[in-house]
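Just so you know, we're using the numbering used here here: the sequence shown kicks off at 200 and counts up by one.
The beta-carbon is built from N, C-alpha and C at its ideal position, and this holds for glycine as well.
Data first, discussion second: the structure below is written as structure tokens.
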Amino acid sequence: NLGHSAAIHGFLGCLSADIPSGLIQTPATPSYSALLLSTARNLRYILPDTSKPVGIIAAAEHAHVQTTVRCGRRHGVRVRVRSGGHDYEGLSYASVHLHNEPFAVLDLAALRAIHVDPARAEAWAESGATVGELYYAVGAASRSLGFPAGSCPTMGIGGHLSGGGFGSLARKYGLSADNVLDALVVDADGRLMNRSSMGEELFWAICGGGGESFGVVLSWKVRLVPVPETVTVLSITRSRSQGAVELITKWQEVAPVLPQEVYLRVLVLNQQANFQAMFLGRCGGLHRLMQYRFPELGMTEQDCEEVSWVQSTVFFGFSTTSMPPEQLLNRSSNPSYYLKAKSDHVQDPIARDVWESIWAGWLDKPEAALLMLDPYGGLMSSISPSETPFPHRRGNLYQIQYYSFWYDNGTAAAEKRMSWVRGLYNEMEPYVSSNPRAVYVNYRDLDLGTNELDGNVTSYHKATVWGHKYFKGNFKRLAAVKTMVDPHDFFRNEQSIPPLPRCQ
Ligand code: FDA
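Here it is as structure tokens:
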């Protein structure tokens with residue numbers, strides 16, 4: 200395509216005026232593949248038939264981001280932003296369905312400074328830092344401060360905070376996005392703005408409205424939260440013959456209404472249910488609480504361990520407390536695998552016989568995925584659904600994830616795994632949220648629908664199909680922000696927020 204070649208040529212020439220050539224990789228340069236793969240978490244999106252970026256810009260300064268956006272706009276090359284590369288559908292480094300538009304990847308991995316101010320209980324973190332690096336820096340600065348975010352330490356701050364950020368402190372302090380105080384953003388005109396210059400609507404949209412749509416977030420100022428110097432983690436595993444089905448059935452009624460200081464999740468893998476908890480207190484306190492509220496679990500004091508908060512993040516990241524916190528600094532995402540995940544919200548407890556048939560019919564199969572049940576309640580229920588774009592608050596008991604990962608690159612293996620995930624998702628329909636069947640945007644799922652163009656911008660009408668599932672009533676407000684800050688729809692991908700239709 201001659202038009203594309205001219206655009207790419209112009210774009211690369213434009214970049215080279217301001218960005219050192221060593222920071223720009225193209226398919227013709229030797230480090231291109233290594234850089235593309237460096238944080239590509241989902242191997243499904245680096246297969247030969249996935250379209251690849253025309254260039255990867257490893258930004259080392261904020262000005263490089265501004266130049267990339269301006270050059271992309273001028274020459275018609277779109278920019279996909281990548282912080283940690285953990286997008287479930289590879290949208291930060293691959294284009295799957297989108298109109299064969301040439302695109303470049305703006306890789307922020309080198310923009311990863313973190314400054315913790317323990318006296319003010321605040322921190323600035325650049326988007327290319329990982330969640331693990333932020334946890335480590337907070338833990339190194341103070342034993343009595345923490346930050347609410349998810350369990351995987353290699354996730355990028357940029358994508359994670361853009362979509363919400365759910366983890367073991369959510370019931371006490373909400374999502375990461377609920378604890379953002381300020382941010383630096385480069386908009387579609389290449390301007391650099393902070394909270395006061397971007398205005399409250401754009402600030403609202405970037406704190407949970409999903410990555411990519413509104414601009415490039417360079418860094419985030421976050422509120423750190425008080426945690427005890429000693430917290431407790433718990434791990435108990437039960438097989439089906441040890442009553443796992445009954446325990447999960449009971450868990451649904453217990454976990455969402457436990458005191459906010461307790462987070463008790465369930466992971467089901469290899470026909471075993473693993474109950475993992477964090478308690479903002481001592482082991483004895485958790486033991487007494489469990490004896491009273493969930494005696495069936497049979498917890499003993501030997502099942503728990505008292506650790507610092509930062510060590511609890513090691514526990515959730517690696518399922519062990521025996522690794523040092525320095526492990527949180529390991530940015531390597533390896534081993535990468537092929538991944539397909541879907542998710543649901545549960546609003547009424549699912550009956551025991553349904554769990555029994557799910558276990559027998561699905562979880563016992565060799566291709567079964569990891570099932571993750573994450574409780575809501577606590578502070579999550581007191582935050583209004585429009586406070587941030589993340590709408591899944593009061594009325595939700597818990598989230599389910601069907602998370603399948605595999606290492607075999609054959610198509611037969613992929614089809615088997617993916618049809619398992621899709622099959623169970625279909626089967627769960629009667630038991631989970633409906634109208635819409637709600638989904639958390641950080642658990643990106645392209646099965647929900649992908650964007651189409653209406654003229655030269657993304658169709659609002661088509662996008663509502665997936666948009667209401669992620670954002671419910673907040674979707675239209677997100678589209679209104681998009682109309683205000685990026686009316687030409689420069690920042691777009693398969694599930695980016697569209698501008699409002701012109702006639703509205
Ligand atoms: P990535 O770089 O792929 O970006 C994701 C999206 O945001 C892309 O569309 C990208 O273009 C955009 N984006 C990235 N940086 C941006 C920036 N600076 N400005 C604007 N847009 C930007 N979630 C959770 O809440 N709790 C959890 O415990 C987990 N656990 C978990 C484990 C594993 C193994 C994976 C793979 C994922 C999770 N997640 C999760 C989901 C995770 O929160 C989600 O994938 C995040 O978007 C990842 O952020 P990255 O920066 O790594 O992704």
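Have a look at S291 and V280 and give me their C-alpha separation to the nearest angstrom.
-> Their backbone Cα atoms lie some 6 Å apart in a straight line.
Leaving aside the five residues before and after F589 along the sequence, list all residues of the same chain whose C-beta is less than 7 Å from its C-beta, in chain order.
-> Close CB contacts of F589 within its chain, under the 7 Å cut and outside five residues either way in sequence, are with G363, L374, A376, G407 (chain order).
V315 and M354: beta carbons closer than 9 Å?
-> Their beta carbons are not under 9 Å apart, which means V315 does not touch M354 by this criterion.
Per DSSP, which residues does L572 bridge with? Please list them.
-> Its beta-bridge partners are V465, I599.
Sequence-distant residues of the same chain with beta carbon closer than 6 Å to F515, five excluded per side | These residues qualify, in order along the chain: S350, S367.
How about S291: is its Cβ closer than 8 Å to a heavy atom in the ligand FDA?
-> Result yes, Cβ under 8 Å from the ligand FDA.
Compare the Cα-Cα distances from R621 to each of V444, A540, Q546, S633 and report the closest residue.
-> Distances from the alpha-carbon of R621 to those of V444, A540, Q546, S633 put A540 closest.
Under the three-state DSSP convention, the category G398 falls into | In the structure shown, the three-state DSSP call for G398 is coil.
CA-to-CA distance, A340 to V430, given in whole angstroms | Separation of V430 and A340 (C-alpha to C-alpha, rounded to the nearest whole angstrom) is 17 Å.
Could you tell me whether any non-hydrogen atom of the ligand FDA is closer than 8 Å to the CB of I356?
-> Distance from the C-beta of I356 to the nearest heavy atom of the ligand FDA is below 8 Å.
Cβ of S237 within 8 Å of any heavy atom in the ligand FDA?
-> No, the Cβ of S237 stays beyond 8 Å of every heavy atom of the ligand FDA.
Start and end residues, beta strand (DSSP E) containing T477 = At residue 477 the sequence reads Met, which differs from the Thr that was named. 471 to 478 is the extent of the beta strand (DSSP E) around M477.
Per DSSP, what kind of secondary structure is K722 in: helix, strand or coil?
-> As shown, the chain starts at 200 and ends at 703. That puts residue 722 outside it, with no answer to give.
So is L246 buried or exposed if we call it buried at 16+ other beta carbons inside 10 Å?
-> Burial call: exposed.
Could you give the C-beta distance for Y642 and S542, rounded to a whole number, given that I count them as a contact under 8 Å?
-> 4 Å between Cβ atoms; contact.
Separation of T499 from D685, as counted between CA atoms | So the alpha carbons of these two residues sit roughly 56 Å apart.
Give the secondary structure of H208 by DSSP, where H, G and I count as helix, E and B as strand, and everything else as coil.
-> Here H208 sits in helix by DSSP.
P455 beta carbon less than 9 Å from that of P574 = With contacts defined as CB atoms closer than 9 Å, P574 and P455 qualify as a contacting pair.
Where R281 sits in the DSSP three-state scheme | It is a strand residue.
Could you work out which residue in Q451, V379, G254, E260 is closest to D547 when comparing CA atoms only?
-> D547 has its Cα closest to that of Q451, out of Q451, V379, G254, E260.
Within the same chain, show all residues whose beta-carbon is closer than 6 Å to that of G209, passing over the 5 residues directly before and after it, in chain order.
-> Around G209: H274.
Determine the burial state of Q501: buried for a count of at least 16 other Cβ atoms within 10 Å of its Cβ, exposed for fewer.
-> Its Cβ having fewer than 16 others within 10 Å, Q501 is exposed.
Leaving out five residues before and five after W665 in sequence, what residues of the same chain have Cβ atoms less than 7 Å from its Cβ?
-> Hits under 7 Å: L647, G648, Q694.
Assumed close pair E300, R269 - CB separation to whole angstroms, cut-off 8 Å = E300 to R269, Cβ: 18 Å. No contact.
Assign H359 to buried or exposed, taking buried as 16 or more other Cβ atoms, counted over all protein chains shown, within 10 Å of its Cβ.
-> Taking a 10 Å sphere around the C-beta of H359, we find 16 or more other C-beta atoms and assign the residue as buried.
Going by DSSP, which residues form a beta bridge with E505?
-> Answer is T431, bridged to E505.
Determine the direct distance from the alpha carbon of R243 to that of V432, and round the result to whole angstroms.
-> Per the coordinates, the alpha-carbon of V432 lies some 34 Å from the alpha-carbon of R243.
Return yes when at least one heavy atom of the ligand FDA lies under 8 Å from the C-beta of D286, else no.
-> Taking non-hydrogen atoms of the ligand FDA into account, the C-beta of D286 is found less than 8 Å away from one of them.
What residue does the beta strand (DSSP E) around D306 start on, and which one ends it?
-> D306 -> beta strand (DSSP E) spans 302 to 306.
For W323: DSSP bridge partner residues | Beta-bridge pairing links W323 to H314, K420.
When the Cα atoms are used, what is the spatial distance from T682 to S412?
-> So the two alpha carbons sit approximately 11 Å from each other.
Could you have a look at G609 and say whether DSSP puts it in helix, strand or coil?
-> Reduced to three states, the DSSP call for G609 is coil.
Can you find a CB in chain D that lies within less than 9 Å of the CB of A239?
-> The structure shown contains no chain D, having only a single protein chain.
Could you tell me if the beta carbon of R481 falls within a distance shorter than 8 Å of some heavy atom in the ligand FDA?
-> False, no ligand heavy atom lies under 8 Å from that Cβ.
Limits of the unbroken beta strand (DSSP E) element including A257 = Taken as a continuous stretch (DSSP letters only), the beta strand (DSSP E) holding A257 covers 254 to 257.
Cβ-Cβ separation, Y639 to Q598 (assumed contact under 8 Å), whole Å | Between Y639 and Q598 the Cβ distance is about 6 Å, and since that is below 8 Å, they are a contact.
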